[in-house]
Amino acid sequence: MKVVYMDNNATTRVDPLVVQEMIPFFTETYGNPSSMHLVGARAQKAVARAREKVAQLLNAHPDEIVFTSCGTESDNAAIRGVLEASPEKRHLVTTRVEHPAVWNQIPYLRQKGYRVTELRVDREGRLDLEHLKASLTDDTALVSIMFANNETGVIFPLEEVAQIVKARGIVLHTDAVQAVGKIPVDLSKLPVDLLSMSGHKIHAPKGIGVLYIRRGTKIAPFMIGGHQEKGRRGGTENVPYIVGLGKAAEISQQELSKEPMRLQGLRDKLEQGILERIPRVLVNGKGADRLPNTLSCCFEYVEGESLLLLLSDSGICASSGSACTSGSLEPSHVLRAMGIPYTAAHGSVRFSLGRFNTEEEVDFVLENLPGIVERLRQISPFWEKRAEGSKG
Ligand code: PLP
1 MKVVYMDNNA TTRVDPLVVQ EMIPFFTETY GNPSSMHLVG ARAQKAVARA
51 REKVAQLLNA HPDEIVFTSC GTESDNAAIR GVLEASPEKR HLVTTRVEHP
101 AVWNQIPYLR QKGYRVTELR VDREGRLDLE HLKASLTDDT ALVSIMFANN
151 ETGVIFPLEE VAQIVKARGI VLHTDAVQAV GKIPVDLSKL PVDLLSMSGH
201 KIHAPKGIGV LYIRRGTKIA PFMIGGHQEK GRRGGTENVP YIVGLGKAAE
251 ISQQELSKEP MRLQGLRDKL EQGILERIPR VLVNGKGADR LPNTLSCCFE
301 YVEGESLLLL LSDSGICASS GSACTSGSLE PSHVLRAMGI PYTAAHGSVR
351 FSLGRFNTEE EVDFVLENLP GIVERLRQIS PFWEKRAEGS KG
């Protein structure tokens, strides 16, 4: 069966060039980078090279790159590490649309006695910068604002955010897991203090991430153990995965000059095609700046999960929101924060394109999707009522 994978914000296929680069680090250069002998020294050199490649992608210094196990670890380490390093400050500012890796820390922090401000977004998913300005106090230890939203693709204006936050001398973290590799992220120009990224969103394997820590940032170590990662994260380095991430970062950097435009062309064709062929569809975040690869839409009078299952039966893989919230029938907290009506939010589907998608695959989705939506609407009591209403 033909499979069309359009769920690249959930995870990506590991690039064959990345796999090729990793293999010798399982079979030949399997040393511990801390060992004195030649196999260890080769592993250490490979880790250093990968660190340079990741630093180049972000335009950062290699000593500001800390390897972690995933984006979730990076987000946890950033938030908890900064709060621990400044125990006298008890206030955190974040947004209502963060990924669970940040969002689900909020109840935990409140329980620990922190005050947390969750910034509003508007109907298009755009951040309320006035709310940000008004929320900052002398007690604010950290502002954590994502770079781009995993469900809608809406990009937040991090330059403006940084200007506001840094003018008050407050530490700024951004979850850039969905932004890195899809749009340019230049940390020589963007004064964030901490940034999270994840390997498996940029065609490296799952199980490897990065926390960028700007020189001079006060942060407690987040894994206490050996001297690895300059004592900031103990534990023997995951050499093959670090090497894979280095290669993935190198490829992403090479592709940044043309790939976002190609993806935007495919995404726009898909979006336009859906709007032309299917009535009663809302595009989430259409009026906002969005990632070039992401299309989130609400098909009114359709259950998003049913639509996903029928799409899957046709070989098309998409998502009903973030992979972490799928499986639940509650509309996502992101769409709720945007004020999307409950009935529409229920029919939300996210298509996210990636390096291996083609125009022919977009055509395949456009051939199959309208019939599936129509079938589901025909068995929806709400669609029937609406049709009766319009007759009267
Ligand atoms: N942050 C965002 C915005 C994400 O989209 C994701 C994954 O979907 C994460 C964090 C978590 O990354 P990981 O799966 O590497 O833990």
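Numbering of the sequence shown is given in my numbering, commencing with residue 1 and proceeding in unit increments. Glycine included, each C-beta is placed from N, C-alpha and C at the ideal position.
- When rounded, the separation of the alpha-carbon atoms in L132 and P107 is 20 Å.
- With the rule of 3 Cβ pairs closer than 8 Å, the stretch 343 to 359 does not count as touching the stretch 33 to 49.
- Contact annotation: A50 and L245 have beta-carbon atoms nearer than 8 Å.
- Proximity of the beta carbon of G231 to ligand 1 is not indicated: no heavy atom of the ligand is located closer than 7 Å.
- Taken from the Cβ of M6, every heavy atom of ligand 1 lies 7 Å or farther away.
- Remark: the shortest separation between the CB of N284 and any heavy atom of ligand 1 does not fall under 7 Å.
- In the same chain as L266, and ignoring 5 residues on each side of it, the C-beta atoms closer than 7 Å to its own belong to L353, N357, E359 and V362, in chain order.
- DSSP places I224 outside both helix and strand once states are collapsed to three, so it counts as coil.
- In terms of Cβ geometry, L172 and V192 form a close pair [threshold 8 Å].
- Boundaries of the beta strand (DSSP E) harbouring F299: T294 to F299, taken from the DSSP string.
- Taking C-beta atoms as the reference points, D289 and I379 fail to come closer than 8 Å.
- Sorted by position in the chain, C70, G71, T72, H99, A101, N150, D175, V177, Q178 and S198 make up the residues whose C-beta lies under 5 Å from a heavy atom of ligand 1.
- For I372, the enclosing alpha helix (DSSP H) starts and ends at E359 to Q378.
- Residue pairing by DSSP places I155 opposite A148 in a beta bridge.
- In this structure, G209 sits away from G225, with a CB-CB distance that is not shorter than 8 Å.
- Contact between the stretch 219 to 238 and the stretch 264 to 282 is absent, with fewer than three C-beta pairs closer than 8 Å.
- A Cβ-Cβ contact shorter than 8 Å links V97 with N149.
- By the Cβ test, the stretch 250 to 266 is in contact with the stretch 47 to 61, since at least three Cβ pairs between them sit closer than 8 Å.
- When rounded, the separation of the alpha-carbon atoms in H203 and V18 is 8 Å.
- CA-CA distance, F299 to E118, rounds to 28 Å.
- Within the stretch 18 to 45, the complete alpha helix (DSSP H) segments at least 4 residues long are 24 to 27, listed from N- to C-terminus.
- A distance of 8 Å or more separates the beta carbons of I79 and S135.
- The shortest CA-to-CA distance from I183 to any of Q264, K112 and D128 is the one to Q264.
- For D75, the enclosing alpha helix (DSSP H) stretches over residues G71 to A85.
- A buried status is given to H91, since no fewer than 16 other beta-carbon atoms sit within 10 Å of its beta-carbon.
- Contact annotation: M338 and G153 have beta-carbon atoms that are not nearer than 8 Å.
- Residue environment for Y342: exposed (fewer than 16 other C-beta atoms within 10 angstroms of its C-beta).
- In the three-state DSSP reduction, I278 falls in the coil class, being neither helix nor strand.
- Rounded to the nearest whole angstrom, the C-alpha separation of V165 and A220 is 21 Å.
- The C-beta of P16 has fewer than 16 other C-beta atoms within 10 Å across all chains shown, which makes the residue exposed.
- Contact between Y30 and C317 does not hold, since the beta-carbon distance rounds to 34 Å and is not under 8 Å.
- Under DSSP, H346 shares a beta bridge with no residue.
- Excluding residues up to 5 positions away in sequence, R96, D128 and H131 lie with their Cβ nearer than 7 Å to the Cβ of R120 in the same chain.
- In terms of Cα proximity to N284, the closest of L311, S332, T140 and A41 is S332.
- Inclusion of T94 and V82 in the CB contact set at 8 Å is not warranted, their separation being larger than that value.
- Under the three-state reduction of DSSP output, M197 falls in the strand class.
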